[in-house]
Every structure is written in structure tokens, then in C-alpha cells.
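Q:
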Amino acid sequence: SQQGEEDPQALSIQEGENATMNCSYKTSINNLQWYRQNSGRGLVHLILIRSNEREKHSGRLRVTLDTSKKSSSLLITASRAADTASYFCATGSSASKIIFGSGTRLSIRP
Amino acid sequence: EAGVVQSPRYKIIEKKQPVAFWCNPISGHNTLYWYLQNLGQGPELLIRYENEEAVDDSQLPKDRFSAERLKGVDSTLKIQPAELGDSAVYLCASSPGGSTGELFFGEGSRLTVL
């Protein structure tokens, strides 16, 4: 079973543009994480935001969390060809489970 | 520091055959996860270990899947017998502790059942 739903399922943008992906979830969480997965590879952790935080930055990444709406967004600024990958949100709950969403496939056009 | 190591990377078998996947987590990581990932989908948890104890195996199909983590380090995931629907990528991940923290993933084992 999957907790999160990412939107959009697929996104294609021009290099240099910003990319925004959204994640909605169903139950209470302790934290929400974002991961990147290049084709045929394992997942790589990008950023973690705790349930008492509203916004977090890491380099070109900006994550927001709205617990009242049970939603999060990941913004990648000034996109590069190397950002082409699938991006997954994952929720960490008080039951100590980490459950992944279905992912957004991001494609950066040169 | 070495990352999470999985083997084999690829495995092709005929249905009804057994298969096993091995995972070596990052040294010192007490928590180990096995996830299944179907094409175009997110990872789905199969089992989570805290040291050598399986603390969450509710999603593991126990009629054909089994897992073990002897001595709380390496882990093996076995399928016997494999079915066509088991074709997927099997991902292993570990974390240092505090089960809702960052996960470190291996490259995965891609299984094709013919």
C-alpha cells in the first residue's frame, strides 16, 4: 500500500526552468522525506522535513509542508539535465513506518 | 564509507524456481528494510528489521516469501516458488536508528520471472 500520491505523475520542462512536484498523504506523520531515483538505480535521500516545520531549503531544493492539508511540495530551481529522474515523497509515521508515494517522473529538456 | 550492497543485480528465473537476494547494510546501521518496486511505482515495504528482529512483516507474503537477518547485519530475502507476478526490483535500505529517519538504499536486485 502507498501513503502518498504525487502530482503530476510526469513533468517535462526546459533546462533552467523551475520544477514543482506535490505530494498528498492520508495519515498523521512525524516527518516527510523526498528521494530521487535515476533510471535503474536505487533511491537517494534529498531532504527531510519534520511535522513541526513548514519550509526547508537545501541548495536548489525547497520543500514545504502543510500538515493541515496533508500535503507537501518540492521545488527544484534552475533545473539541469542531471535532475532528470523520478522523485518520491515518503512519510514517516509514529508507527515507525516509512511509506513511499507513487512518484513524479521529471524530464529536463536541453 | 561503503554504501548498501545488494546482490545479484539481475536475476532471470523460470516460474516455480526459488530465488534469493542478499543485502549488506551500511556498517553500524541497526534498521534494515526490504522494499519491492514495480515498474513505474514507488517502493512498497515488505519487511523491516531492528537488529535481528523483524518488527514489521505485515506486507510480506509469507506463503512464498521469507527473510532473515542473522546476527543483525546481512539479510537475505527468499522467494520460493517464484511466480510471474514477482517480477520487480527488490530494494534493500538501511538506517542508523530511529526508524523514521533517512534511508540509504542499495542499487536493487531486478528479478524477471519467465
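Those protein sequences? They're chains A and B, same order as listed. The numbering used here applies: residue 1 is where the first sequence begins, and numbers increase by one. The numbering used here applies: residue 1001 is where the second sequence begins, and numbers increase by one. Just so it is clear, CB atoms sit at the ideal spot from N, CA and C, and this is done for glycine as well.
1. Taking any Cβ of chain B, which residues in the stretch 92-108 of chain A have a Cβ under 9 Å from it, in chain order?
2. Quick check on aspartate 1074 of chain B: does DSSP put it in helix, strand or coil?
3. Please decide whether arginine 36 of chain A counts as near chain B, where near means a Cβ-Cβ distance under 7 Å.
4. Quick check on this structure: which residue in A:Thr67, A:Ala10 and A:Leu106 has the alpha carbon closest to the alpha carbon of serine 28 of chain A?
5. For a contact defined as C-beta to C-beta under 9 Å, what are the partners of histidine 45 of chain A on chain B?
6. What residues in the stretch 1055-1082 of chain B have a beta carbon less than 7 Å from any beta carbon of chain A?
7. Roughly how far, in whole angstroms, is the beta-carbon of glutamate 1107 of chain B from the beta-carbon of arginine 1009 of chain B, given that I think they are within contact range, below 8 Å?
8. For proline 1043 of chain B, decide whether its Cβ has a neighbour in chain A, counting only Cβ atoms nearer than 7 Å.
9. Would the beta-carbon of leucine 43 of chain A fall within 7 Å of that of glutamine 33 of chain A?
10. Suppose the cutoff is 7 Å on Cβ atoms and the five residues either side in sequence are ignored; what does the same chain contact list for asparagine 31 of chain A look like?
11. Going by C-alpha distance, which of A:Ser24, A:Gln14, A:Pro8 and A:Gly4 is nearest lysine 69 of chain A?
12. Does arginine 50 of chain A come within less than 7 Å of chain B when only Cβ atoms are used?
13. With DSSP collapsed to three states, give me the class of glycine 92 of chain A.
14. According to DSSP, is proline 1039 of chain B helix, strand or coil?
15. If you follow the beta strand (DSSP E) that aspartate 1056 of chain B is in, where does it begin and where does it stop?
16. List the residues that DSSP assigns as beta-bridge partners of lysine 119 of chain A.
A: From the atom records:
1. Gly92, Ser93, Ser94, Ala95, Ser96, Lys97, Ile98, Ile99, Phe100, Gly101, Ser102, Gly103 and Arg105
2. Position 74 of the second sequence, counting from 1, holds the residue named residue 1074 of chain B. Correct three-state label for aspartate 1074 of chain B: coil.
3. Numbered from its first residue, the first sequence carries residue 36 of chain A at position 36. No, because no Cβ of chain B sits closer than 7 Å to the Cβ of arginine 36 of chain A.
4. Counting from one through the first sequence, the residue named residue 28 of chain A turns up at place 28. Comparing Cα-Cα distances from serine 28 of chain A to each of A:Thr67, A:Ala10 and A:Leu106, the minimum goes to A:Thr67.
5. Indexing the first sequence from 1 puts residue 45 of chain A at position 45. Correct list: Glu1102, Leu1103, Phe1104 and Phe1105.
6. Asp1056
7. Locating residue 1107 of chain B in the second sequence gives position 107, counting from the first residue. Locating residue 1009 of chain B in the second sequence gives position 9, counting from the first residue. In this structure, glutamate 1107 of chain B and arginine 1009 of chain B form a Cβ contact; the two beta carbons are roughly 6 Å apart against a cut-off of 8 Å.
8. Taking the first residue of the second sequence as position 1, residue 1043 of chain B is located at position 43. Chain A contact via Cβ: present.
9. Here residue 43 of chain A corresponds to residue number 43 of the first sequence, with the count starting at 1. Here residue 33 of chain A corresponds to residue number 33 of the first sequence, with the count starting at 1. In this structure, glutamine 33 of chain A does not lie closer than 7 Å to leucine 43 of chain A by Cβ.
10. Translated into positions along the first sequence, residue 31 of chain A becomes position 31. Hits under 7 Å: Leu48, Ile49, Arg50, Ser51 and Gly92.
11. What you label residue 69 of chain A is simply residue 69 of the first sequence in a count that begins at 1. Considering only alpha carbons, the answer is A:Ser24.
12. Counting from one through the first sequence, the residue named residue 50 of chain A turns up at place 50. It does not: the Cβ of arginine 50 of chain A has no partner Cβ on chain B nearer than 7 Å.
13. On the first sequence, position 92 is the one that residue 92 of chain A refers to. If DSSP states are grouped into helix, strand and coil, glycine 92 of chain A belongs with the strands.
14. As a first step, residue 1039 of chain B is located in the second sequence; it is residue number 39 there, counting from the start. A small correction: the amino acid at residue 1039 of chain B is leucine; proline does not occupy that position in the sequence shown. In the structure shown, leucine 1039 of chain B sits in coil (DSSP, three-state: anything other than H, G, I, E or B).
15. To locate residue 1056 of chain B, count along the second sequence from 1; it is residue 56. Segment 1053-1056, the beta strand (DSSP E) holding aspartate 1056 of chain B.
16. Within the shown structure, residues of chain A are numbered from 1 to 110, placing residue 119 of chain A beyond reach of any answer.
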